[in-house]
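In this note's numbering, the protein residues as written are 17 to 262. Working notes for the structure below.
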């Protein structure tokens with residue numbers, strides 16, 4: 017395996033533990049990350065030696081220690097960018113009672129930087145670190161809107177715009193028209209285009225030289241009932257963040 021692939025496999029191991037939530041045997045880990053048992057053994061041994069895994073027992077396998085959690089907590093506490101945004105995102109979530117997301121563009125995708133899930137039982141769920149398509153997500157549209165129309169042409173020229181759901185806009189002219197309407201409104205929307213039965217609206221902003229999109233997302237039946245209020249709350253929040261940064 018190359019060094020890059022090895023790093024990816026090591027991260028996949030933690031993702032498998034996160035999904036399973038229990039100790040795992042080597043024979044369970046290897047097929048989950050699609051590597052030979054011998055390669056998996058080497059990865060696990062490295063993580064054991066570095067203190068990221070511990071052996072529960074010979075029969076029960078391995079489980080992560082708290083080292084990764086401790087490191088990630090320390091890292092997040094020193095993320096000055098997100099720490100500045102977080103109080104505003106929390107107030108927005110409290111005001112709308114829906115999931116609030118901040119994301120940025122990474123290559124031709126949206127990378128979620130923070131997700132504050134709404135307090136209601138039925139809500140839109142996602143995780144920081146998730147990637148979403150530019151053309152079907154509200155944050156993606158918000159970020160695409162900052163580029164000229166040829167940004168859509170460039171995106172579509174690399175590969176056909178995939179239909180994430182039956183509602184996804186896959187025609188470049190329709191997408192350009194949708195972005196034009198969003199620019200006129202001041203915010204951008206997806207109605208079941210990225211996740212069926214989920215509606216989201218987002219607005220772009222720049223903070224410390226970094227461009228992000230802030231979104232509100234929730235079940236379509238609930239979002240549609242209060243779209244104007246949600247949009248006002250979103251734009252007010254973005255305005256407040258900009259004012260505080262100036």
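Built from N, CA and C at the ideal position, the CB exists for glycine as well.
Checklist entry - From residue 42 to residue 150, what distance separates their C-alpha atoms? => result 37 Å
Checklist entry - Where does residue 148 sit, in a helix, a strand or coil, going by DSSP? => result strand
Next on the checklist: I'd like the list of long-range same chain contacts for residue 105, defined as Cβ closer than 6 Å, with 5 residues on each side in sequence excluded.
Outcome noted: Taken in chain order, the residues that qualify are 116, 132.
Checklist entry - Which residue comes first and which comes last in the beta strand (DSSP E) that contains residue 49? => result From DSSP, residue 49 is part of no beta strand (DSSP E); its letter is neither H nor E.
Checklist entry - Alpha carbon to alpha carbon, what distance is there between residue 199 and residue 79? => result 49 Å
Item to check | Proximity winner among 70, 113, 139, 203, relative to residue 160 (alpha-carbon distances) | outcome: 203
Checklist entry - Between the Cα of residue 45 and the Cα atoms of 29, 64, 20, which residue gives the shortest distance? => result Nearest C-alpha to residue 45: 29.
Item to check | residue 189, buried or exposed, once every other Cβ within 10 Å from all chains shown has been counted against 16 | outcome: exposed
Item to check | Boundaries of the alpha helix (DSSP H) in which residue 72 is found, first to last residue | outcome: For residue 72, no alpha helix (DSSP H) segment is defined; the enclosing uninterrupted segment is the beta strand (DSSP E) at 69–73.
Item to check | Alpha-carbon spacing of residue 176 relative to residue 186, whole angstroms | outcome: 8 Å
Item to check | Continuous beta strand (DSSP E) stretch holding residue 180: start and end | outcome: According to the DSSP assignment, residue 180 belongs to no beta strand (DSSP E), since it is labelled neither H nor E.
Next on the checklist: Using beta carbons (cut-off 9 Å, strictly below), is residue 82 in contact with chain D?
Outcome noted: Reference to chain D is not applicable here, since this structure consists of a single protein chain.
Checklist entry - Any heavy atom of the ligand SAH closer than 8 Å to the CB of residue 152? => result By its list of ligands, the structure shown contains no ligand whatsoever, and the ligand SAH lies outside what it can speak to.
Item to check | Inter-residue CB distance, residue 217 and residue 250 (contact presumed, cutoff 8 Å) | outcome: 6 Å
Item to check | Under 9 Å between C-beta atoms of residue 214 and residue 97 | outcome: Against a cut-off of 9 Å, the Cβ pair of residue 97 and residue 214 comes out as no contact.
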